[in-house]
Amino acid sequence: MSHAIRCRNLVKTYPGRPPVEAVRGLDLEVRTGECFGLLGPNGAGKTTTMEIIEGILDATSGDVEVLGRSWDRDAAEIRRRIGISLQETRLADKLTVVEVIRMFRSFYPNGLDPEEAIRRVSMEEKARSYVVKLSGGQKQRLAVACAIVADPELLFLDEPTTGLDPQSRRQLWDIIKGFRDAGRTVMLTTHYMDEAERLCDRVAVVDKGQVIALGTPDELIARLGGQHVIDFTLAATAELPAAEEFKGLPSVTSARVDAGQYGLTVAEPHVALPALLRHVQASGRELAALTTRHATLEDVFVNLTGRHLRDDAADATSG
Amino acid sequence: MSANRYTPLVQLTLARFREFYREPAAVFWVYGFPLIMAVALGIAFRERPIEQITVDIREDTGSPAAVAALKEKLAADDRFTVRTVSGDEWIKLLRSGKSDLVIAPLPDGGYELWDEPNRTQTVLARHAVESILYRPATADAPKLKEKHLEETGNRYIDFLLPGLLGMNLLGGGVFGVGFVLADMRVRKLLKRFLATPMRRSDFMLSIMLSRMVFTIPEVLVLLIFGWAVFGVKNQGSGVELTFLIVLGAASFSGLGLLVASRAKTIETVSGLMNLVMLPMWLLSGVFFSSERFPDWMQPFIKALPLTALNDALRAVMLEGRSLTELGREIGVLVVWGVTTFVIALKIFRWR
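Line order of the protein sequences matches chains A and B.
With positions in the first sequence counted from 1, the corresponding number in the working numbering is that position plus 1.
Under the working numbering, the residue at position 61 of the second sequence is numbered 51, and the numbers go up by one with no gaps.
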């Protein structure tokens, strides 16, 4: 299997007091034709990793190979063959969509017709609108159009749907899927687990500058030991028990408690649930709430790090 | 698809044009501001009427013939407003400043001149009257011809206009290029460009090229206004003047490029721009000749690009000299333009 990207022992340290180690020995392989996701919380080093691979930042140490080429020798060639959407680029306000795309098209020797790029992101009706008049989702689609107008073999998307409404996110997912289905490679970063689950063939979970888990979303979830999660809270009548108390229950593979909310990863809910209910009743406590659901990548992350992916979730726990 | 349809230099330059003329505020500041400056100067340097001297002649001291003769003699000079007065009225007139000088013809053919020594105007009036009364008295006096400095090319406005032109070109180059680049950096647009195969020289050239095109109306506004309102003319060759303007604009946009090459915020770049421009506004002879500064400063002042441009513009516009005589000035501008461009390209921060 050929690889679109290979990283070996990537390190990026920003000088300072103390120096900030954004990326600490990261290894990565992205296969040709797959959609690969870097999933992790803000500040995990996703963007830094991506920008090193994109040739925008220099690594402190480590090797990067993109499309079988190295940035040291073949920078110009790599730039011609990749398309990039940065996390936050504010394009010129008073240019129209088609003007911006045409300008980006002019940088590449080969590529799509600007009209074709507009069609692929479904912005035909907005082609003559100024950038400043576009909604957040439309701006993001324009950014993607500027990337795919180069007709790249490899597309980089840094947080493509952050801050967008659900409909805009689905539109972007369709565009990205379409690109992948045409046999091209996509590498994206996200801190949305649902995005990674729906869009990515493989996911690398990144935390503190390192890959802490790698695999297809299903594999990662399966590694939890159970596909299901039982979330429950107990009425605050007495002192709350430790999470370990529930670990011994049948079919439970892991247990955790976070701000009074218990989470049990279970293989078979129909076995674990009656046992849990009996246990609660026997210990004289009362259930305040109980839900069961499929495990997600969020559970994978929480299980690995004890923290949540999203900032708002993290704030809720700490506050 | 044809290659020229997507020439990066053309596309980048077009983008600059579009962004500029679609922003009315920017258009106003670039073209409205020089016009306002020109209008303000127009008001400051409008032609003032020649100061009038009011003289009163006492009718009751001398003979009517003597009074009439004196009146006629003074009235021949259009600086004088001559009136006649009787009784003690003249004291009131002189005291209240309504009259600058009172003349009483005496029976012996002489004159009594009454002035008010505390007012300069009456002293001036007295000298003016004396000079007229004495003129025929001394036949062997050296002949004097009166000449007035009004000839086009020698007035202050003729000196000022090329200076304003230079100042505008400096401001346009440094502001026009500096702000645009700093803004693009803040927007992360430069970083986005860096991630494409775009040639950096194409980008830099598009900035300089668009800057030079924006300069054309700016310069024309000032030149046409100066010509229409003050009759300021270019004594030299129009082609050579154009060459100097283009050279100046190019040289200053290199300076703007350098100023904006590292700045991460708009505030930093504004500070740097002022740091670069203020000394030149003061030293480079915009409003008064740079030769007024002490000798030891002259080598430094002469090495400034705005001094070189102002000197060259004045040499062409006022003295009608040709570019072949202006090798030093042109050299200074070229060196500044090339050096700043090269350094800026080397240290330029794209992220």
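Don't be surprised by glycine CBs; every beta carbon is placed ideally from N, CA and C.
Remember, predicted model here, so these are calculated numbers, not experimental data.
Point to revise | Segment limits, beta strand (DSSP E) that includes Thr254/A | key: From DSSP, the beta strand (DSSP E) with Thr254/A extends over 253 to 259.
Exercise for review: Would you give the residue range spanned by the alpha helix (DSSP H) that Met188/B belongs to?
Suggested key: Met188/B -> no alpha helix (DSSP H), and no H or E assigned at all.
**Study point:** Asp195/A versus Leu40/A: straight-line alpha-carbon distance, rounded
**Key:** 10 Å
**Study point:** Chain-ordered residues of the region 8 to 26 of chain B with a beta carbon less than 8 Å from chain A
**Key:** Arg8, Glu9, Arg12, Glu13
Practice item. Determine whether the Cβ of Arg286/A lies closer than 8 Å to any Cβ atom of chain B. Key: no
Exercise for review: State the Cα-Cα distance for the pair Val99/A and Leu274/A, rounded to the nearest angstrom.
Suggested key: 57 Å
Check your understanding: Going along the chain, which unbroken runs of the beta strand (DSSP E) with 3 or more residues stay wholly within the region 20 to 89 of chain B?
Key -> 43 to 48, 70 to 75
Review point. Under 8 Å Cβ-Cβ, which residues of chain B neighbour Glu55/A?
Key: Ala185
Practice item. Counting only the same chain and skipping the five closest in sequence on each side, list residues whose C-beta sits under 8 Å from that of Val328/B. Key: Gly244
**Study point:** Same chain, Cβ closer than 7 Å to Thr330/B, neighbours up to 5 away in sequence not counted
**Key:** Gly244, Leu245, Leu247, Leu248
Review point. Do you know offhand how far Val324/B's Cα is from Ile79/A's?
Key: Rounded to the nearest angstrom, the two C-alpha atoms are 37 Å apart.
Check your understanding: Can you list, in chain order, the residues of its chain whose CB lies under 7 Å from that of Leu112/A, leaving out five sequence neighbours each side?
Key -> In the sequence as displayed, the identity of residue 112/A is Gly instead of Leu. Closer than 7 Å at the Cβ level, and outside the excluded window around Gly112/A, lie Arg106, Val150, Ala151, Asp152.
Review point. Touching or not, the region 283 to 291 of chain B and the region 153 to 161 of chain B, by the rule of three or more beta carbon pairs under 8 Å?
Key: no
Point to revise | Short-range partners of chain B found in the region 102 to 135 of chain A, where Cβ spacing is below 8 Å | key: Arg103, Met104, Phe105, Arg106, Ser107, Phe108, Tyr109, Pro110, Asp114, Tyr131
Point to revise | Ser319/A to Ser169/A span [Cα, whole Å] | key: Its pLDDT being 36, under 50, Ser319/A is placed unreliably in this model, and the coordinates cannot settle the point.
Review point. Along chain A, which residues have their Cβ under 7 Å away from the Cβ of Pro(-2)/B?
Key: Against chain A, a Cβ distance below 7 Å from Pro(-2)/B picks out Ser107, Phe108.
Check your understanding: So with Cβ pairs under 8 Å, would you call Arg182/B a contact of chain A?
Key -> yes
Review point. So what does DSSP say about Asp192/B, is it helix, strand or coil?
Key: helix
Point to revise | 8 Å Cβ shell around Ser283/B - same chain, five flanking residues per side excluded | key: Sequence inspection shows Phe at residue 283/B; the Ser mentioned does not correspond to that position. Only Leu273, Ile291 meet the Cβ criterion.
Point to revise | Where Asn224/B sits in the DSSP three-state scheme | key: coil
**Study point:** Beta-carbon separation (whole angstroms), Arg6/B vs Pro152/B, contact threshold 8 Å
**Key:** In fact, because the Cβ distance is near 28 Å, the residues do not count as touching under 8 Å.
Practice item. Tell me, please, whether the CB atom of Ser251/B is closer than 8 Å to any CB atom in chain A? Key: no
**Study point:** Below-8 Å beta-carbon distance, Ile6/A vs any chain B residue
**Key:** no
Practice item. Tell me Cys36/A's beta-bridge partners as DSSP assigns them. Key: Val187/A
Check your understanding: Thinking just about the alpha-carbon of each residue, which of Asp166/A, Asn10/A, Thr191/A, Val65/A is nearest to the one in Leu87/A?
Key -> Comparing Cα positions, the closest option is Thr191/A.
Exercise for review: Give the DSSP bridge partners of Asp334/A, in chain order.
Suggested key: Any question about residue 334/A goes unanswered here, given that chain A covers just 2 to 320.
Review point. Within this structure, are the beta carbons of Val101/A and Leu143/A separated by less than 8 Å?
Key: yes
**Study point:** Glu35/A and Arg199/A closer than 8 Å at C-beta
**Key:** no
Practice item. For the region 260 to 287 of chain A, list the alpha helix (DSSP H) runs that are entirely contained and at least 4 residues long, ordered along the chain. Key: 270 to 283
Review point. The alpha helix (DSSP H) with Pro107/B in it runs from where to where?
Key: Segment: none, Pro107/B is in no alpha helix (DSSP H) and carries neither H nor E.
Exercise for review: Answer with yes or no whether the minimum CB distance from Thr33/A to chain B is below 8 Å.
Suggested key: No, because no Cβ of chain B sits closer than 8 Å to the Cβ of Thr33/A.
**Study point:** Cα-Cα separation, Arg82/A to Pro115/A
**Key:** 17 Å
Review point. Span of the alpha helix (DSSP H) holding Thr329/B?
Key: 317 to 337
Check your understanding: Interface residues of chain A around Gln288/B at Cβ under 7 Å?
Key -> Those do not exist, as Gln288/B stays about 44 Å from chain A at its closest Cβ, beyond 7 Å.
Practice item. Look up Ser274/B in the DSSP assignment and give the residues it is bridged to. Key: Paired residues: none, contrary to the question.
**Study point:** Outcome for Gly275/B when other beta-carbon atoms lying within 10 angstroms are tallied against a minimum of 16
**Key:** buried
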